[in-house]
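Chemist: Just passing along the structure, written as structure tokens.
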Amino acid sequence: MALTNFENLSGDTTITVDTGAFLVVHYGKGSGGSSKGGSLEFFQVVNNETTVTVPGFPNAGDTFATGGISSIRAFCPGGPPPPVPDSGTTAMLLGSAVAGLGLVRRYLKR
């Protein structure tokens, strides 16, 4: 998983991203310091985009962030995970369980 950081931002910011990336955007508490700590907003890159413009100010309903954009973290999951090799362990465990049930059944019939 690739991780990209964008720091010390201001205003609407256009960044280059990988397709399928997830963005975590931090908005600060503003110059007045009237709110506590700012807030985060999450975005997903869709439609094979390679550049996106992140808004410089948070959603209007966000009561925690009165300031502008502070930083962006871009997480890209990359391609699909490699397949997990199975060397027959599952079949062996299933066979052992069935054999064990057969032995228990035979023991209980006595």
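My numbering puts the first residue of the sequence shown at 139, with every later residue one more than the last.
Cβ coordinates follow ideal geometry from the N, Cα and C atoms, glycine included.
Computed from a predicted structure; not experimentally measured.
(1) In the DSSP assignment, find the unbroken beta strand (DSSP E) run with L161 in it and report its ends.
(2) Can you check DSSP and say which residues form a bridge with N143?
(3) From what residue to what residue does the alpha helix (DSSP H) around T227 run?
(4) Am I right that V155 and V190 are in contact with their C-beta atoms under 8 Å? What's the rounded C-beta distance?
(5) Report yes if the C-beta distance between F213 and G206 is below 7 Å; otherwise report no.
(6) What separation, rounded to the nearest whole angstrom, lies between the Cα atoms of G166 and A159?
Modeler: Reading off the structure:
(1) 160 to 165
(2) Note: N143 is bridge-paired with R211 in the DSSP secondary-structure output.
(3) 227 to 247
(4) 6 Å
(5) no
(6) 23 Å
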